[in-house]
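J.:
In structure tokens, the structure reads:
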């Protein structure tokens, strides 16, 4: 039986950041964050590094060194975000395959987030 993929919108992710109830992981490339802006309170793990970072080979110590937060355990609520919700959906599936049980995709992504704050894209 396939697991229902959880999705959330702006209200959920902004509340999660405010109260620290979820780890928010932005899976865009670092250049994109510099160019477009980033969600305050999110950590950046580019999509091509998500499986390794969350996988069994990376210790909490290493994770903390890289991302300045504790490595999430399998029950930590995680919200993935990217530019438009596509890459974060891929990251979500990877995390589920690694055994994480509480992962959500912020389907609006940066485009939705920026629109709420009127941070208009310049291209």
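In the UniProt record's numbering, the protein residues as written are 1 to 123.
Note that beta-carbon positions come from the ideal geometry of N, C-alpha and C, so glycine has one too.
#1: Which of helix, strand or coil does DSSP assign to residue 93?
#2: How long is the line joining the alpha carbons of residue 31 and residue 75, rounded to whole angstroms?
#3: Looking at the unbroken alpha helix (DSSP H) that takes in residue 13, where does it start and where does it end?
#4: Can you give the Cα-Cα distance for residue 40 and residue 70, rounded to whole angstroms?
#5: Taking 8 angstroms as the threshold, find out whether the stretch 83 to 90 comes into contact with the stretch 52 to 60 through three or more Cβ pairs.
#6: How do the stretch 100 to 114 and the stretch 2 to 17 stand: do at least 3 beta-carbon pairs fall below 8 angstroms, yes or no?
#7: Taking its Cβ as the centre, do 16 or more other Cβ atoms sit within 10 Å of residue 92, making it buried, or is it exposed?
T.: Taking the definition as stated:
#1: helix
#2: 30 angstroms
#3: 10 to 19
#4: 17 angstroms
#5: no
#6: yes
#7: buried
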